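Per our numbering, residue 304 is the first one in the sequence shown, and the count goes up by one each step.
Yeah, the Cβ is synthetic: ideal placement off N, Cα and C, and Gly gets one too.
The structure displayed is predicted, hence computed values, not measured ones.
Input: a single structure, listed below in structure tokens.
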Amino acid sequence: MNLANVKLLRRLILPLFARLNPGDITITHHFTGDKVFLHSFKHKGYWFYGKKREKDTMELFRRLIRPADTIIEIGGHIGYVSLYFANLANKGSVYVFEPGPNNLPYLKKNVRGKANVTVIEKGVGSANATLPFYVDAISGQNNSFKENFEGFLISRAAAYYRDAGLGRVDVDVVRLDDFIAERALSPSFVKIDVEGYELPVIQGMLTALTNIRPMLMVEIQDDRSEIYDIITNQGYVMFTDQLHVISNPDNLWFNTFCLHRIAHSPWLIELGLSQ
Numbered sequence: 304m305n306l307a308n309v310k311l312l313r314r315l316i317l318p319l320f321a322r323l324n325p326g327d328i329t330i331t332h333h334f335t336g337d338k339v340f341l342h343s344f345k346h347k348g349y350w351f352y353g354k355k356r357e358k359d360t361m362e363l364f365r366r367l368i369r370p371a372d373t374i375i376e377i378g379g380h381i382g383y384v385s386l387y388f389a390n391l392a393n394k395g396s397v398y399v400f401e402p403g404p405n406n407l408p409y410l411k412k413n414v415r416g417k418a419n420v421t422v423i424e425k426g427v428g429s430a431n432a433t434l435p436f437y438v439d440a441i442s443g444q445n446n447s448f449k450e451n452f453e454g455f456l457i458s459r460a461a462a463y464y465r466d467a468g469l470g471r472v473d474v475d476v477v478r479l480d481d482f483i484a485e486r487a488l489s490p491s492f493v494k495i496d497v498e499g500y501e502l503p504v505i506q507g508m509l510t511a512l513t514n515i516r517p518m519l520m521v522e523i524q525d526d527r528s529e530i531y532d533i534i535t536n537q538g539y540v541m542f543t544d545q546l547h548v549i550s551n552p553d554n555l556w557f558n559t560f561c562l563h564r565i566a567h568s569p570w571l572i573e574l575g576l577s578q
């Protein structure tokens, strides 16, 4: 019996577990073998689901990322995927943006000692600015620049933890194009997981999309038509982590991969997505 699928058990157990749990624990990363420092309740998805958690997305990362790649991860949470990237690109570099004060202690501890990982304690958007950032008290996964972010409300209901609210902090935000230019980077892969703030991030990396053409994985939760138009007009093919090409913005939802028709044609052929 799977607790994740039994609503009655979730309703009974999760509120209790929220109050009676062992706190911070250490688990073994399911893909790299690294030690992962996390909170037993707030970050329960990592230890509860294990390798089943976003397994198709993790497999595509493995197929697309090469050892010498430069990766930019926008929205690092506690560093679980950051560690995976550091392992896949073990001769390259990983730059992780994470502005959340609730996530940073875990992220920094988890990537400590990884020489190829750099943590940037900032957000990413369409302009360099200081913006209000809304902090999710449940898991930190729904931190957002959007105050009324729907994902937080859904997660709170699913966790049966209705007492959880949102905090607010001011954080620095940078344009990705400026960051790339300042560091003279040529990213091979960009992961965007920013809880409804995807469009401003993409609007701030148009030069990179035109000139560098990195592979993308975007968790899309809002502004689907605008995002679809920008990315496809740059010559990208958009597809799900189950390798279904997306030809209608209404079908954009959550983890969407984007490969350039010309720059990434060998990968598109290998994945059976050549058109």
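For residue i, which residues in the same chain have their Cβ closer than 6 Å to its Cβ, ignoring the five residues on either side in sequence?
i	result
Pro258	Since the displayed the chain opens at 304 and closes at 578, residue 258 lies outside it and no answer follows.
Ala389	Val397, Lys417, Asn419 and Val420
Lys494	Glu376 and Met520
Ala432	Val476
Thr559	Val521, Ile523 and Met541
Can you list, in chain order, the residues of its chain with a C-beta nearer than 7 Å to that of residue i? Leave out the 5 residues immediately preceding and following it.
i	result
Gly326	His342 and Ser343
Leu576	Val540, Phe542, Leu546 and Val548
Leu391	Phe364, Arg365 and Ile368
Using CA coordinates, which residue listed in the options is at the minimum distance from residue i?
i	options	result
Val477	Leu434, Gly538, Phe334 and Thr331	Leu434
Asp359	His547, Pro569 and Arg471	His547
Phe448	Ser550, Pro402, Asn554 and Leu571	Pro402
Lys591	Gly443, Leu479, Arg516 and Met508	Coverage of the chain is limited to positions 304 through 578, which leaves residue 591 absent and any answer about it impossible.
Ser489	Met508, Phe560 and Glu453	Met508
Lys338	Phe351, Phe560 and Gly382	Gly382
Ile565	Thr513, Glu501 and Asn445	Thr513
Tyr352	Phe334, Arg366, Leu367 and Arg365	Phe334
Asp480	Arg516, Asp439 and Ile441	Arg516
Phe482	Pro569, Lys345, Leu555 and Lys425	Lys425
Gly470	Asn405, Ser568 and Lys345	Asn405
Among all the DSSP beta bridges, which residues are the ones paired with residue i?
i	result
Ile328	Leu341
Met361	Answer by DSSP bridge pairing: none, since Met361 is not bridged.
Ser447	Tyr437
Gly428	Arg478
Report all residues from its chain with a CB closer than 8 Å to the CB of residue i; omit the five preceding and five following residues, and keep chain order.
i	result
Phe557	Glu522, Ile523 and Gln524
Taking residue i and residue j to be in contact with their CB atoms under 8 Å, please state how far apart those CB atoms are, rounded to whole angstroms.
i	j	result
Val497	Gly378	5 Å
Met518	Leu562	6 Å
Ile328	Tyr349	That pair is no contact at about 10 Å.
Val384	Val504	In fact, because the Cβ distance is near 16 Å, the residues do not count as touching under 8 Å.
Phe492	Tyr409	Not quite, the Cβ-Cβ distance comes to about 23 Å (not below 8 Å), so this is no contact.
- Query: Does the pairing of the segment 414-431 with the segment 392-402 give three or more beta-carbon distances under 8 Å?
  - Reply: yes
- Mind the definition here: the segment 360-376 touches the segment 403-415 only if three or more C-beta pairs lie below 8 Å; say whether that holds. no
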